[in-house]
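Residue numbers (my numbering), protein chains in the order written: chain A, 178 to 359; chain B, 234 to 712. Each remark here refers to the structure printed beneath this line.
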Amino acid sequence: MTIIFGFLAGMMLVSALGVVLSRNVVHSALFMSGSFLAVVGFFVMLSAPALAAFQLLIYVGAVSVVILFGIMFTQSPQVRSFSTIVNKQVWAGLAVALGVGGFLSYILATEDWGATEAGQGTRDVAAFGEYLLGVGPDSEIFAMLFQLVAILLFVAVIAAIVISRRKDTDIESASDVRDVGE
Amino acid sequence: MPVTGAAIIGLLPEIIASVFMFVVLLGGVFAGERNSGIVGGLAVLGTLATFASAAVLLAIGFEGTFFGESYAVDNFALFFKLIVSGTAFFTVIAATRFAGSTGDAPEYMTLILAVVLGAMLLASMRDLFGLFLALELATIPSYALVAFDRSRRESAEGGMKYLVTGVIASSVLLYGLVLIYGVAGSANLTQVAEAFSGELTPVGLVGIGLMVSGFAFKLSAAPFHFWTPDAYQGAPTSAAAFLSVAPKAATFAVLLRILVEGLPGATATWTSIIAVIAILTMFVGNLSALRQRNVRRMLAFSSVAHSGYILVAFAAIQGGGQETGVQAILIYSAAYAVMNLGAFFAIDLVGEDAKSFNGLFKTQPALALCMGAFMAALVGIPPFSGFFGKAWVILAGAQSGSVLVYAAVGALVINSVISLPYYFGIVRNMFLEEPVSGGTAPKDDGGVRFSVYALAILTTIFILFFGLLVTLTGASGLL
Chain A
178 MTIIFGFLAG
188 MMLVSALGVV
198 LSRNVVHSAL
208 FMSGSFLAVV
218 GFFVMLSAPA
228 LAAFQLLIYV
238 GAVSVVILFG
248 IMFTQSPQVR
258 SFSTIVNKQV
268 WAGLAVALGV
278 GGFLSYILAT
288 EDWGATEAGQ
298 GTRDVAAFGE
308 YLLGVGPDSE
318 IFAMLFQLVA
328 ILLFVAVIAA
338 IVISRRKDTD
348 IESASDVRDV
358 GE
Chain B
234 MPVTGAAIIG
244 LLPEIIASVF
254 MFVVLLGGVF
264 AGERNSGIVG
274 GLAVLGTLAT
284 FASAAVLLAI
294 GFEGTFFGES
304 YAVDNFALFF
314 KLIVSGTAFF
324 TVIAATRFAG
334 STGDAPEYMT
344 LILAVVLGAM
354 LLASMRDLFG
364 LFLALELATI
374 PSYALVAFDR
384 SRRESAEGGM
394 KYLVTGVIAS
404 SVLLYGLVLI
414 YGVAGSANLT
424 QVAEAFSGEL
434 TPVGLVGIGL
444 MVSGFAFKLS
454 AAPFHFWTPD
464 AYQGAPTSAA
474 AFLSVAPKAA
484 TFAVLLRILV
494 EGLPGATATW
504 TSIIAVIAIL
514 TMFVGNLSAL
524 RQRNVRRMLA
534 FSSVAHSGYI
544 LVAFAAIQGG
554 GQETGVQAIL
564 IYSAAYAVMN
574 LGAFFAIDLV
584 GEDAKSFNGL
594 FKTQPALALC
604 MGAFMAALVG
614 IPPFSGFFGK
624 AWVILAGAQS
634 GSVLVYAAVG
644 ALVINSVISL
654 PYYFGIVRNM
664 FLEEPVSGGT
674 APKDDGGVRF
684 SVYALAILTT
694 IFILFFGLLV
704 TLTGASGLL
C-alpha cells in the first residue's frame with residue numbers, strides 16, 4: 178500500500194509541477210489529467226469508488242477535454258506557448274503557497290475525524306455498479322446523480338463544440354485581426 | 234425502492250427541461266439553419282412547459298423528499314424553479330433572433346436549457362455531491378454562452394476569463410464541501426446538521442469559509458467579483474441578462490438551504506462572514522458602477538451590488554429575523570429577476586453606450602418609459618418591484634438583533650443613495666438630452682421588444698403579486 182501511495186503521490190506532484198512549469202499550454206493540460214488520474218487512484222485507495230468514478234468521468238474525461246478543445250481551437254499556434262510562472266513574483270507566490278499548505282496541513286492533522294470511518298466503500302465491481310445506480314442504503318441519490326453526470330458530460334461536449342466551432346468567415350476575420358496585431 | 238412514482242412527479246420540471254434540451258438540439262438538425270424560428274419556438278415551448286409543471290406542483294401543494302432525503306421538493310424549491318424557468322422563457326424569446334443570426338440557434342437554446350436544468354436541480358438538492366454536480370451543470374454551459382458571439386472579440390475574452398476564474402471558484406467550493414463532508418461523515422444535509430450542532434472544529438470552520446467563498450464567487454460578491462464585468466460585457470446580451478439572474482437565484486437558494494438546513498448550529502459564524510462580505514460587495518459594486526460609461530458594465534456592477542443587498546438578508550437570518558430573512562431572499566430574488574432581466578434586454582434595443590440613451594423619450598417613448606421603470610426599480614422606489622425586496626431585507630435586518638447586521642442595513646441604505654446617480658443618469662439622458670443624430674441604431678427585434686414590455690409591466694405591477702408572494706414565502710417549507 179505504501180508503495181502504491183508513494184507512486185500516486187509522486188505522480189501527482191510531478192504532474193502538478195508539470196502543469197505550472199510547462200511552457201506549452203497543451204502539455205500543461207495533459208499534465209493536469211495526469212494529476213487528476215492520481216487523485217482517482219487516491220480515492221480508490223481510500224475505498225471511495227463512487228467518488229473515484231465521478232472524478233474519472235468528470236475531470237479526467239469532461240473537464241480535460243473541454244480545456245483541450247478550448248486551447249486548441251481558440252488560440253492561434255503562435256501564442257500557444259507561454260512563459261512559465263517563474264517570474265518576479267515567484268518568491269511571494271511560493272510564500273503564499275507554503276503558508277496555505279502549512280495551514281491546511283496543520284488543521285487537517287489536528288482534526289480527530291471522529292465522524293468518518295475508513296473502508297465504508299466497496300471494491301466489488303458488481304456492488305459498485307449497484308451503488309452507482311442507487312441500490313442499497315445511503316446511495317439512493319446516486320440513482321439521480323448518475324443521470325445527472327450523463328447530462329453534464331453531454332452538455333460539456335456541446336459547450337466544447339460551441340467554443341471550438343469556426344466558420345469560413347470567422348477564420349478570414351481572425352487572420353485579419355492577427356495581421357493587424359503583428 | 235430508490236425511485237418511486239412520487240419522485241418522478243417531483244422531478245417533472247427537470248424531466249421536461251431535459252427532454253426539451255434534446256428536442257431543441259434534434260429539432261435544429263431537422264429544421265436546418267434557415268428555420269431558427271422553429272428552434273426558438275421549441276425552446277419557448279420547453280421553458281413554458283417547465284414553468285407550468287412547476288406551477289402545477291406548487292398549486293397542488295406537492296411536497297416531499299426523495300432519494301433517501303437527498304432531494305427536496307418543497308414550496309421553497311418550486312418558487313425558485315418558477316423564477317428560473319420564467320426568466321428562461323423571456324430570455325429564449327429575446328434570444329431567438331440573435332441565435333438565428335449566428336447560425337447555431339439549437340446549440341444556444343440547448344445551453345440555456347442546460348443552465349435551467351442545473352439551476353432547478355440546485356434549488357432542490359440536499360446532498361453535497363449532488364449540489365456540486367448541479368452547480369457545474371449550471372455553470373459549464375454558461376462559459377460557452379458567454380463566449381458564444383464570434384463577431385466580437387470581447388466575447389471570447391470574457392468567456393476565457395469566466396472559465397478560468399469559474400474553475401478556481403468551483404475547486405474552492407468543492408474543497409469546502411469536502412471538508413464539511415469529512416467532519417460530518419455524510420453528504421446529506423440532515424446528517425451534516427447533526428454533526429455541526431456542537432462547537433465548530435478548525436476544519437469545520439475552514440470548510441464553511443471555503444464553501445461560502447466559492448458561493449460568493451458564483452454570486453459575484455466582492456472580493457470575488459472580478460469576472461463579472463468582463464463576462465457580462467463580452468456575453469451576448471440575452472446570455473448576460475439570463476446569467477445575471479437565473480443561476481444566481483438558484484445559487485442563493487442552494488446556499489440558503491445549506492446554511493439553514495445543514496449548518497443551523499453554526500449560524501453565528503456564517504452570519505458574521507456573510508455580513509462582512511455583504512457590506513464590502515455593496516460598496517464595491519456601487520462605487521465601481523458610478524464610474525462606468527458603458528451601460529452593460531454599469532449593469533454588471535449593479536448586479537454585484539444587488540448580490541450584496543440579498544446577502545444582507547442572509548446575515549439577518551438570526552435572532553428574530555429568521556423567517557423574515559428567508560422571505561426577503563425569496564421576494565428580492567423574484568423582484569430582481571424581473572427588473573434586471575428587462576434592463577439588460579433594453580440594451581439590445583438601444584445600445585450599450587450611455588450616450589445612446591440620449592433623447593430616447595422623444596424617439597421611442599414606450600421603450601424610455603420601460604427603461605425608466607427598470608431603473609426606478611433597481612434603485613428601490615415604490616411601487617416598483619425592487620422596493621419590496623429592499624423593504625423586506627431592511628425589515629429582516631431590524632428584527633435580527635445583531636449590531637453587525639444593523640451596520641449592514643445602514644450600508645444598504647447608504648448604497649441605495651450612492652446608486653442614484655448612475656441609475657438616474659440614464660433616466661436623465663433619456664428624458665432631458667437631445668437625441669444623438671447620425672448614430673447607428675441597433676436593429677429592431679420583436680422578441681426582445683416583447684420581453685422588455687412584458688418585464689416592464691411585471692416590474693410595475695409587482696405589488697399585485699405581492700400578497701401571493703408573501704403567502705407562498707410564508708409557507709416556504711424551509712423553516
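Beta carbons: idealized from backbone N, C-alpha and C, even for Gly.
message: Residues of the region 401 to 429 of chain B in Cβ contact with chain A at a cutoff of 7 Å, in chain order, please.
response: Here the close residues are G415, V416, A417, G418 and A428.
- prompt: Would DSSP call A380 (chain B) helix, strand or coil?
  reply: In the three-state scheme derived from DSSP, where H, G and I count as helix and E and B as strand, A380 (chain B) is classed as coil.
field: DSSP state of M572 (chain B) mapped onto helix, strand, coil
entry: In the three-state scheme derived from DSSP, where H, G and I count as helix and E and B as strand, M572 (chain B) is classed as helix.
- prompt: In this structure, does DSSP put S350 (chain A) in helix, strand or coil?
  reply: Its pLDDT being 48, under 50, S350 (chain A) is placed unreliably by the model, and the measurement read from it follows with that caveat. In the structure shown, S350 (chain A) adopts helical secondary structure according to DSSP, grouped into three states.
message: Counting only Cβ pairs nearer than 7 Å, list the residues of chain A close to D360 (chain B).
response: The contacting residues are I318.
field: Status (buried if at least 16 other CB within 10 Å, exposed otherwise) for Y341 (chain B)
entry: By the 16-neighbour rule on beta-carbons within 10 angstroms, Y341 (chain B) is buried.
query: With a Cβ-Cβ cutoff of 9 Å, do A549 (chain B) and V669 (chain B) count as a contact?
result: The Cβ atoms of A549 (chain B) and V669 (chain B) lie no closer than 9 Å to each other.
message: By the three-class DSSP mapping on this structure, what secondary structure does Y395 (chain B) have?
response: Helix at Y395 (chain B).
task: Rounded to whole angstroms, what's the CA-CA distance from A482 (chain B) to Q632 (chain B)? Just pull it up for me.
output: When rounded, the distance between both Cα atoms is 24 Å.
- prompt: Around the Cβ of S352 (chain A), are there at least 16 other Cβ atoms within 10 angstroms (buried) or fewer (exposed)?
  reply: With a pLDDT of 45 at S352 (chain A), under the threshold of 50, the modelled position of this residue cannot be trusted, and the question is left open.
field: Classification of R330 (chain B) by the beta-carbon crowding that lies within 10 angstroms, buried from 16 upward
entry: When all chains shown are included, R330 (chain B) counts as buried.
- request: Would you mind listing the alpha helix (DSSP H) stretches within the region 189 to 274 of chain A that are 4+ residues and don't spill past its ends, in chain order?
  value: Complete alpha helix (DSSP H) runs here, min 4: 202 to 222, 226 to 231 and 241 to 251.
message: Does G634 (chain B) come out as helix, strand or coil in the three-state DSSP assignment?
response: It is coil, neither helix nor strand.
N- and C-terminal bounds of the beta strand (DSSP E) containing F299 (chain B): Where F299 (chain B) is concerned, the enclosing beta strand (DSSP E) starts and stops at G297 to F299.
Pairwise C-alpha distance: F182 (chain A) and S212 (chain A): Each residue's alpha carbon lies about 14 Å from the other.
query: Between Y304 (chain B) and M188 (chain A), which are expected to be in contact by the criterion C-beta below 8 Å, what is the C-beta distance as a whole number of angstroms?
result: About 37 Å separates the CB atoms of Y304 (chain B) and M188 (chain A); that is not less than 8 Å, and the two are not in contact.
- prompt: What does S221 (chain B) touch in chain A if you count any residue whose Cβ is under 7 Å from its own?
  reply: Here chain B covers residues 234 to 712 and nothing more, so residue 221 (chain B) does not appear.
message: Suppose the cutoff is 6 Å on Cβ atoms and the five residues either side in sequence are ignored; what does the same chain contact list for K394 (chain B) look like?
response: A distance below 6 Å between beta-carbons, with the five flanking residues on each side excluded, links K394 (chain B) to the following residues of its chain, in chain order: W460 and D463.
query: Y542 (chain B): buried (16+ other C-beta within 10 angstroms of its C-beta) or exposed?
result: Counting other Cβ atoms within 10 Å of its Cβ, Y542 (chain B) reaches 16 or more and is therefore classed as buried.
task: Please look up how many angstroms separate the CB atoms of I373 (chain B) and A227 (chain A), rounded, as I've assumed it's under 8 Å.
output: Contact between I373 (chain B) and A227 (chain A) fails: their C-beta atoms lie close to 21 Å from each other, not under 8 Å.
field: Against chain A: residues of the region 430 to 449 of chain B by CB proximity under 7 Å
entry: Under the 7 Å Cβ criterion, the region 430 to 449 of chain B contributes T434, P435, V436 and V439.
field: alpha helix (DSSP H) segment containing A332 (chain B), residue limits
entry: Residues N308 to T335.
- prompt: Hey, would you say the C-beta of T423 (chain B) is under 8 Å away from at least one heavy atom of the ligand ZN?
  reply: Here there are no bound small molecules, and the ligand ZN is not part of this structure.
- prompt: With which residues is Y304 (chain B) paired in a DSSP beta bridge?
  reply: Paired residue(s): B:F299 and B:M358.
field: Under 9 Å from the C-beta of V236 (chain B): neighbouring residues of chain A
entry: Within chain A, the residues G311, E317, A320 and M321 have their CB atoms less than 9 Å from the CB of V236 (chain B), given in chain order.
message: I want to verify the contact list: residues of chain A whose CB lies under 8 Å from the CB of P731 (chain B), in sequence order.
response: Any property of residue 731 (chain B) remains undetermined from this structure, which presents chain B solely from 234 to 712.
field: Proximal residues of chain B, C-beta to C-beta of R342 (chain A) below 9 Å
entry: Under the 9 Å cutoff, chain B gives D337, E340 and R383.
query: Could you give the residue range of the alpha helix (DSSP H) that holds L325 (chain A)?
result: From DSSP, the alpha helix (DSSP H) with L325 (chain A) extends over E317 to S341.
task: Identify every residue that forms a DSSP beta bridge with D586 (chain B).
output: Under DSSP, D586 (chain B) shares a beta bridge with B:N527.
- request: Look at the alpha carbon of A304 (chain A) and the alpha carbon of F231 (chain A), and state the distance between them as a whole number of angstroms.
  value: Straight-line spacing of the CA atoms in A304 (chain A) and F231 (chain A) works out to 16 Å.
field: S251 (chain B): contacting residues in chain A (beta-carbon distance under 8 Å)
entry: Those are I328, listed as they occur along chain A.
- request: Just the C-alpha distance for G391 (chain B) and E307 (chain A), rounded to the nearest angstrom, thanks.
  value: So the alpha carbons of these two residues sit roughly 42 Å apart.
DSSP beta-bridge partners of N421 (chain B): DSSP lists B:D360 as partners of N421 (chain B).
- prompt: Going along the region 297 to 308 of chain B in order, which residues come within less than 7 Å of chain A, judged by CB to CB distance?
  reply: Residues passing the 7 Å Cβ filter: F300, G301, S303 and Y304.
message: Less than 7 Å between C-beta atoms, sequence neighbours within five positions excluded: which residues of the same chain meet that for S430 (chain B)?
response: The residues G498, in chain order, have a CB closer than 7 Å to that of S430 (chain B) in the same chain once the five nearest residues on each side in sequence are set aside.
field: Cβ pair count under 8 Å reaching 3, the region 300 to 319 of chain B against the region 264 to 278 of chain B
entry: In this structure the region 300 to 319 of chain B does not touch the region 264 to 278 of chain B; the number of beta carbon pairs closer than 8 Å is below three.
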